[in-house]
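A.B. asks: Position one of the sequence shown corresponds to residue 90 (the working numbering), numbered consecutively onward.
We treat Cβ as the ideally placed atom computed from N, Cα and C, and that holds for glycine.
Given the structure is predicted, the values throughout are model-derived calculations rather than measurements.
Next up is a structure, given as structure tokens.
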Amino acid sequence: MGKILRYIALFWIVFLCAGTFYQYIDFKHQSVFLQLKQKAVETGWYLPAFYCHIFGSSIILIAGFFQFSKKVYNNRPLHKALGKLYVFGVLFFASPGAYVMTLFINRGPAVFASFFIQNTLWVIFTLSAWLLVMNGKIDEHIRMMRRSYGLAFAAVTLRFYIWLFTIFGQGVNFPNNYIIIAFLSWVPNLLLVEAINYYERKNGFKVEGSKTL
């Protein structure tokens, strides 16, 4: 079951990332989403942040996914390279871009708060994971990276819920649903991660290997 879920997750990650590059790699700004954000685009701040976020998030989603593979974990040079790519991508591209984009959200304070909290936790968890591994605390590092990736994976779950609410909304005004979607995209992800971390701590799970990744 675990393998099936991982394959499903990988499919949606690849589908989302490929679609992102296909739609935006020409930088022509003609997508439906950007057409709705014309006032934000006109400020000159939105587009750079938007491209940093979507391309940075696409790369780190793929890099982060394979970090949880045993084969990649046991290949120290590859694991370190992908880890640096993930941390650098989050802290210097995806997350800063998300902060700027959050300033232009026009769906009310609750949606703004959801994305702002999510992004802030993403930065905290990612930076904490990096500091933990630098101090040789491997178990804590892995658990913190799960939290970070759970928030990164919100890019996938957000679009899934947008599709779900659009198809099965039964005429409910979509903007009213967006508050639910905003929190639903990342809160359950973190709850699942915490359940996994709790199970491992309860059963005394330890990571074998060297003190540094």
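1) Three or more C-beta pairs closer than 8 Å, one from the region 206 to 220 and one from the region 171 to 184: is that the case here?
2) To the nearest angstrom, how far is the alpha carbon of E131 from that of F116?
3) Which residue wins for smallest C-alpha separation from W252, given the options S146, A271 and E283?
4) Check whether the region 136 to 147 and the region 198 to 213 are in contact - that is, three or more C-beta pairs closer than 8 Å.
5) Quick check on D228: does DSSP put it in helix, strand or coil?
6) Please state whether the Cβ-Cβ distance between L279 and G239 is less than 8 Å.
7) Report the rounded CA-to-CA distance for K126 versus W275, giving the unit in angstroms.
8) If you follow the alpha helix (DSSP H) that T209 is in, where does it begin and where does it stop?
9) For Q119, count neighbouring Cβ atoms within 10 angstroms of its own Cβ and tell me buried if that reaches 16, exposed if not.
10) To which residues of the same chain is C106 closer than 7 Å at the C-beta, ignoring the five residues directly before and after it?
11) Between which two residues does the alpha helix (DSSP H) containing I256 stretch?
12) Of the residues A284, V245, N292 and G258, which one's Cα is nearest the Cα of G108?
13) Let me know the secondary structure DSSP gives G260 once reduced to three states.
14) Using the C-alpha atoms, what's the distance from F100 back to G153?
15) Please list the segments of the alpha helix (DSSP H) lying wholly inside the region 108 to 171, counting only runs of 4 or more residues, in order along the chain.
C.D. replies: Put simply:
1) Enough Cβ pairs lie closer than 8 Å, so yes.
2) In the sequence shown, the residue the question calls residue 131 occupies position 42. In the sequence shown, the residue the question calls residue 116 occupies position 27. Between the C-alpha atoms of E131 and F116 there is a straight-line separation of about 15 Å.
3) For the purposes of this step, residue 252 is taken as residue 163 along the sequence shown, with counting starting at 1. The alpha carbon of W252 has as its nearest neighbour, out of S146, A271 and E283, the alpha carbon of A271.
4) Using a Cβ-Cβ distance cut-off of 8 Å, the region 136 to 147 and the region 198 to 213 are not in contact, since fewer than three pairs of beta carbons, one from each stretch, lie closer than that value.
5) Taking the first residue of the sequence shown as 1, we reach residue 228 at position 139. In the structure shown, D228 adopts helical secondary structure according to DSSP, grouped into three states.
6) Along the sequence shown, read from residue 1 onward, the residue named residue 279 stands at position 190. Along the sequence shown, read from residue 1 onward, the residue named residue 239 stands at position 150. The answer is yes: Cβ separation under 8 Å.
7) In the sequence shown, residue 126 corresponds to position 37, counting from 1. In the sequence shown, residue 275 corresponds to position 186, counting from 1. So the alpha carbons of these two residues sit roughly 23 Å apart.
8) Sequence index remark: in the sequence shown, residue 209 carries index 120 (1-based). It spans P198 to M223 - the alpha helix (DSSP H) in which T209 sits, taken as one unbroken run.
9) In the sequence shown, counting from the first residue as 1, residue 119 sits at position 30. Classification for Q119: exposed.
10) For the purposes of this step, residue 106 is taken as the residue at position 17 of the sequence shown. Leaving aside the five residues that flank C106 on each side, the residues in its chain whose CB is nearer than 7 Å to its CB run, in chain order, S147, L150 and I151.
11) Here residue 256 corresponds to residue number 167 of the sequence shown, with the count starting at 1. Segment A243 to F257, the alpha helix (DSSP H) holding I256.
12) Position 19 of the sequence shown holds residue 108. V245 is the residue among A284, V245, N292 and G258 whose C-alpha sits nearest the C-alpha of G108.
13) Counting from one through the sequence shown, the residue named residue 260 turns up at place 171. Below a pLDDT of 50, predicted positions are generally treated as unreliable, and G260, at 46, falls in that range; no measurement from the model is reported.
14) Along the sequence shown, read from residue 1 onward, the residue named residue 153 stands at position 64. Along the sequence shown, read from residue 1 onward, the residue named residue 100 stands at position 11. Taking the Cα positions, G153 is about 14 Å away from F100.
15) Segments of the alpha helix (DSSP H) lying fully in the region 108 to 171: 121 to 125, 127 to 131, 135 to 156 and 159 to 163.
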